[in-house]
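Residue numbering for the sequence shown follows this note's numbering, beginning at 1 and increasing consecutively.
Glycine included, C-beta positions come from ideal geometry on N, C-alpha and C.
Only a predicted model underlies this, so the values are computations on that prediction, with no experimental measurement involved.
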Amino acid sequence: MKNEKGSLVRPDALPEGASRPVVTPLSASVVYASDTPDMLDQQYEGALHGYTYAREGHPNADVVGLRLDRMEKAPHPGVVTASGMAAVSAVLLGLTKSGDHVIGGNQLYGRSLRMMSEDLPRLGIATSMVDPGDIAAMRAALRPETRLILIETVSNPTLRVADLEGLVALAKETGVLLVVDNTFTTPRAIKPFEWGADIVIHSITKLLAGHSDVMLGYVAARDLTLNDKLRVFTVTAGMNPSPFDCWLAERGLLSFDLRFDRAQSTASELADHLAGLPGVKRVIYPGRKDHPDHARADALLAGQFCNMVSFELDGDRSTANAFTRAADGLSFAPTLGDVGTTISHPASSSHRALTAEKRAELGMSEGFFRVSVGLEAPDVLCRVFEEAIAAALGA
Ligand SMILES: *Cc1c(COP(=O)(O)O)cnc(C)c1O
Numbered sequence: 001m002k003n004e005k006g007s008l009v010r011p012d013a014l015p016e017g018a019s020r021p022v023v024t025p026l027s028a029s030v031v032y033a034s035d036t037p038d039m040l041d042q043q044y045e046g047a048l049h050g051y052t053y054a055r056e057g058h059p060n061a062d063v064v065g066l067r068l069d070r071m072e073k074a075p076h077p078g079v080v081t082a083s084g085m086a087a088v089s090a091v092l093l094g095l096t097k098s099g100d101h102v103i104g105g106n107q108l109y110g111r112s113l114r115m116m117s118e119d120l121p122r123l124g125i126a127t128s129m130v131d132p133g134d135i136a137a138m139r140a141a142l143r144p145e146t147r148l149i150l151i152e153t154v155s156n157p158t159l160r161v162a163d164l165e166g167l168v169a170l171a172k173e174t175g176v177l178l179v180v181d182n183t184f185t186t187p188r189a190i191k192p193f194e195w196g197a198d199i200v201i202h203s204i205t206k207l208l209a210g211h212s213d214v215m216l217g218y219v220a221a222r223d224l225t226l227n228d229k230l231r232v233f234t235v236t237a238g239m240n241p242s243p244f245d246c247w248l249a250e251r252g253l254l255s256f257d258l259r260f261d262r263a264q265s266t267a268s269e270l271a272d273h274l275a276g277l278p279g280v281k282r283v284i285y286p287g288r289k290d291h292p293d294h295a296r297a298d299a300l301l302a303g304q305f306c307n308m309v310s311f312e313l314d315g316d317r318s319t320a321n322a323f324t325r326a327a328d329g330l331s332f333a334p335t336l337g338d339v340g341t342t343i344s345h346p347a348s349s350s351h352r353a354l355t356a357e358k359r360a361e362l363g364m365s366e367g368f369f370r371v372s373v374g375l376e377a378p379d380v381l382c383r384v385f386e387e388a389i390a391a392a393l394g395a
């Protein structure tokens with residue numbers, strides 16, 4: 001038999017040595033072999049650490065998860081999922097049952113809103129959308145069967161700031177779970193667990209991974225039972241992440257703090273620069289004194305006003321077309337958090353399903369743009385915007 005070993009398909013274990021690689025190896029293996037059934041027992045019982053099948057967990061996911069746990073000060077190890085929407089879905093589908101009621105912020109990420117309006121009702125889960133800055137309205141929307149409230153601290157794309165302290169107090173008083181999607185703000189600006197949130201969600205796809213080449217999400221709960229429930233649901237539903245995406249995300253996370261600080265400081269400069277330009281009707285940046293929620297942003301975000309800036313051009317769709325054409329070299333793309341600055345136009349993308357009246361109600365005209373500021377030199381970026389805006393208004 002010894003002599004036959006070499007002709008088996010996978011005869012050898014990886015060679016072990018006294019040193020180890022500095023860079024996390026990419027573990028593509030879907031299955032993990034154990035020596036004996038006894039060892040497998042011990043693994044399942046938690047006495048031995050080991051992997052069995054990649055849908056249940058793998059080293060690259062754990063490396064990313066540990067980083068996020070530390071960044072968010074999560075009370076228990078969170079779960080890394082295949083996308084941000086997988087993390088949102090894990091909460092909305094894994095922790096509710098038919099007959100429950102769920103409240104969402106009225107300006108959630110588009111797909112989260114869609115799940116609230118289309119999918120939960122189909123499963124017998126009632127939903128309400130409420131302004132997360134209006135605690136009286138939140139209280140009025142509560143029902144005896146309300147299970148959870150899902151909000152984002154800073155809304156997209158109008159950058160309004162939720163009354164997180166009020167929501168935490170309301171959630172504690174009523175026993176409803178407060179779920180915070182922290183994608184926009186990131187733990188660099190706010191750690192929702194420290195404020196009393198029950199569950200934190202991320203789309204790692206955006207600022208955390210930061211290079212627009214990874215789709216991943218993350219979710220962690222304060223309560224151990226809920227945290228376990230989320231893990232089991234993501235495994236059962238197959239929301240597991242690809243090792244390669246985790247490997248890339250780890251690499252992105254190494255520079256996250258630096259990227260965030262740089263993009264944020266440029267965003268603040270760009271916001272002020274835009275506010276002084278002819279043809280710019282208004283600039284929305286939580287760090288500016290003219291922002292309607294500036295005081296709340298200051299209290300919650302501790303001076304970290306993030307990398308997102310919205311502004312409104314004085315013009316119509318043709319002005320908007322001329323602007324994106326003139327802003328050549330910046331990506332006109334419906335994402336955020338990339339190393340490069342991206343511009344999005346809610347009226348033709350994220351909010352296209354709304355009527356013009358409904359968009360106007362939310363403050364989004366055809367001239368409304370959202371900017372995700374990247375790592376360009378601030379003076380260069382300000383000049384590119386200034387020239388593109390001048391060209392659009394002259395067109
Ligand atoms: C992008 C985004 C999501 C969804 O994340 P994906 O990784 O694209 O699935 C959820 N919430 C917010 C706030 C987002 O920006």
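Is residue 291 buried or exposed, if buried means 16 or more other CB atoms sit within 10 Å of its CB? What you label residue 291 is simply residue 291 of the sequence shown in a count that begins at 1. Counting other Cβ atoms within 10 Å of its Cβ, residue 291 reaches 16 or more and is therefore classed as buried.
Between residue 7 and ligand 1, is there a pair consisting of the residue's CB and a ligand heavy atom that are separated by less than 8 Å? Against the sequence shown, residue 7 aligns to sequence position 7. No, the beta carbon of residue 7 sits no closer than 8 Å to any heavy atom of ligand 1.
Quick check: is any heavy atom of ligand 1 less than 8 Å from the C-beta of residue 156? Position 156 of the sequence shown, counting from 1, holds the residue named residue 156. Residue 156 Cβ: within cutoff of ligand 1.
Is DSSP giving residue 101 helix, strand or coil here? The count along the sequence shown starts at 1 and reaches residue 101 at position 101. Of the three classes helix, strand and coil, the one that applies to residue 101 here is strand, per DSSP.
Beta carbon of residue 85: closer than 8 Å to some heavy atom of ligand 1? Against the sequence shown, residue 85 aligns to sequence position 85. In this structure, the C-beta of residue 85 approaches ligand 1 to less than 8 Å from one of its heavy atoms.
Beta-carbon proximity check, residue 170 vs residue 135, cutoff 9 Å: Taking the first residue of the sequence shown as position 1, residue 170 is located at position 170. Taking the first residue of the sequence shown as position 1, residue 135 is located at position 135. Yes, the Cβ-Cβ distance between residue 170 and residue 135 is below 9 Å.
Spell out a yes or no on whether the stretch 204-218 and the stretch 234-248 are touching, meaning 3 or more CB-CB pairs, one atom from each, closer than 8 Å. Because the criterion of three Cβ pairs below 8 Å is met, the stretch 204-218 and the stretch 234-248 touch.
Determine whether the beta carbon atoms of residue 113 and residue 104 lie at a separation below 9 Å. Sequence index remark: in the sequence shown, residue 113 carries index 113 (1-based). Sequence index remark: in the sequence shown, residue 104 carries index 104 (1-based). With a cutoff of 9 Å on beta-carbon distance, residue 113 and residue 104 are scored as near each other.
Report whether the distance from the Cβ of residue 217 to the nearest heavy atom of ligand 1 is below 8 Å. Counting from one through the sequence shown, the residue named residue 217 turns up at place 217. In this structure, residue 217 has its CB closer than 8 Å to one or more heavy atoms of ligand 1.
Below 8 Å, how does it come out for the stretch 265-279 and the stretch 144-158: are there three or more Cβ pairs, yes or no? Here the stretch 265-279 makes no contact with the stretch 144-158; the two share fewer than three CB pairs at distances below 8 Å.
According to the neighbour-count rule (16 or more other Cβ atoms, all chains shown, within 10 Å of its Cβ), is residue 206 buried or exposed? Numbered from its first residue, the sequence shown carries residue 206 at position 206. Looking at its Cβ environment, which holds 16 or more other Cβ atoms inside 10 Å, residue 206 is buried.
Say the cut is 8 Å; is the CB of residue 109 nearer than that to a heavy atom of ligand 1? Taking the sequence shown and counting its residues from 1, the one referred to as residue 109 is at position 109. Taking non-hydrogen atoms of ligand 1 into account, the C-beta of residue 109 is found less than 8 Å away from one of them.
So what does residue 179 bridge to, in DSSP terms? Looking up residue 179 in the sequence shown gives position 179. As DSSP reads the structure, residue 179 sits in a beta bridge with 150 and 199.
So, do the stretch 375-382 and the stretch 344-359 have three or more beta carbon pairs nearer to each other than 8 Å? Using a C-beta cut-off of 8 Å, the stretch 375-382 makes no contact with the stretch 344-359, since fewer than three inter-stretch Cβ pairs fall below that distance.
Along the beta strand (DSSP E) that carries residue 217, what are the first and last residues, could you check? Counting from one through the sequence shown, the residue named residue 217 turns up at place 217. Counting along the chain, the beta strand (DSSP E) containing residue 217 begins and ends at 217-221.
Distance, Cα to Cα, residue 252 vs residue 144? As a working note, residue 252 is residue 252 in the sequence shown. As a working note, residue 144 is residue 144 in the sequence shown. So the alpha carbons of these two residues sit roughly 43 Å apart.
Distance cut-off 8 Å: residue 234 Cβ against heavy atoms of ligand 1: Taking the first residue of the sequence shown as 1, we reach residue 234 at position 234. Set against 8 Å, the gap from the CB of residue 234 to the closest heavy atom of ligand 1 is not smaller.
Is it true that the CB of residue 281 sits closer than 9 Å to the CB of residue 311? Mapped onto the sequence shown, residue 311 falls at position 311. Mapped onto the sequence shown, residue 281 falls at position 281. With contacts defined by Cβ atoms closer than 9 Å, residue 311 and residue 281 form a contacting pair.
Distance, residue 100 Cα to residue 148 Cα: Residue numbering aside, residue 148 sits at position 148 when the sequence shown is read from its first letter. Residue numbering aside, residue 100 sits at position 100 when the sequence shown is read from its first letter. When only Cα atoms are considered, residue 148 and residue 100 end up about 9 Å apart.
Is residue 16 near ligand 1 - that is, is its Cβ less than 8 Å away from at least one heavy atom of it? Numbered from its first residue, the sequence shown carries residue 16 at position 16. Placement of the Cβ of residue 16 at a distance of 8 Å or more from every heavy atom of ligand 1 is found.
Residue 244 - containing alpha helix (DSSP H), residue span: For the purposes of this step, residue 244 is identified with residue 244 of the sequence shown, where counting begins at 1. Run containing residue 244: 243-254, per the alpha helix (DSSP H) assignment.
When the Cβ atoms of the stretch 219-227 are set against those of the stretch 72-83, are three or more pairs found closer than 8 Å? Contact holds between the stretch 219-227 and the stretch 72-83, because three or more Cβ pairs, one in each stretch, are under 8 Å apart.
To the nearest angstrom, how far is the alpha carbon of residue 297 from that of residue 203? Locating residue 297 in the sequence shown gives position 297, where the first residue counts as 1. Locating residue 203 in the sequence shown gives position 203, where the first residue counts as 1. Pairing residue 297 with residue 203, the inter-Cα distance amounts to about 21 Å.
By DSSP's criteria, residue 312 is part of a beta bridge. Which residues make up the other side? Along the sequence shown, one-based indexing puts residue 312 at 312. According to DSSP, residue pairing for residue 312 in a beta bridge involves 282 and 368.
Of the listed residues 24, 111 and 87, nearest to residue 219 (C-alpha basis): One-based indexing of the sequence shown puts residue 219 at position 219. Measuring from the Cα of residue 219, the nearest candidate turns out to be 87.
Cβ-based burial, residue 83 [other Cβ within 10 Å; buried from 16]: Counting from 1 along the sequence shown, the entry for residue 83 is found at position 83. If you draw a 10 Å sphere on the C-beta of residue 83, you find 16 or more other C-beta atoms in it, and that means buried.
Taking the alpha carbon of residue 235 as the reference point, which residue from 89, 323, 138 and 383 has its own alpha carbon closest? Position 235 of the sequence shown holds residue 235. Considering only alpha carbons, the answer is 89.
Residue range of the alpha helix (DSSP H) that residue 64 falls in? Along the sequence shown, one-based indexing puts residue 64 at 64. That run of the alpha helix (DSSP H) goes 59-72.
CB-CB length for residue 81 against residue 217, believed under 8 Å: Translated into positions along the sequence shown, residue 81 becomes position 81. Translated into positions along the sequence shown, residue 217 becomes position 217. With 8 Å as the limit, residue 81 and residue 217 qualify as a contact, their Cβ atoms being about 4 Å apart.
Would the C-beta of residue 266 count as close to ligand 1, meaning under 8 Å from any of its heavy atoms? Against the sequence shown, residue 266 aligns to sequence position 266. Residue 266 Cβ: outside cutoff for every heavy atom of ligand 1.
Between the stretch 49-62 and the stretch 15-33, are three or more C-beta pairs nearer than 8 Å? In short, these stretches touch, since the Cβ pair count reaches three.
Local Cβ density within 10 Å of residue 330, reported as buried at 16 or more and exposed below that: Numbered from 1 along the sequence shown, position 330 holds the residue referred to as residue 330. When all chains shown are included, residue 330 counts as buried.
Residues bridged to residue 129 (per DSSP): As a first step, residue 129 must be located in the sequence shown, where it is residue number 129. Beta-bridge annotation (DSSP): residue 129 is paired with 104.
Is it true that the CB of residue 286 sits closer than 9 Å to the CB of residue 159? Here residue 159 refers to the residue found at position 159 of the sequence shown. Here residue 286 refers to the residue found at position 286 of the sequence shown. With contacts defined by Cβ atoms closer than 9 Å, residue 159 and residue 286 form a contacting pair.
From residue 239 to residue 342, what distance separates their C-alpha atoms? Position 239 of the sequence shown, counted from the first residue, corresponds to residue 239. Position 342 of the sequence shown, counted from the first residue, corresponds to residue 342. Cα to Cα, the separation comes out at about 28 Å.
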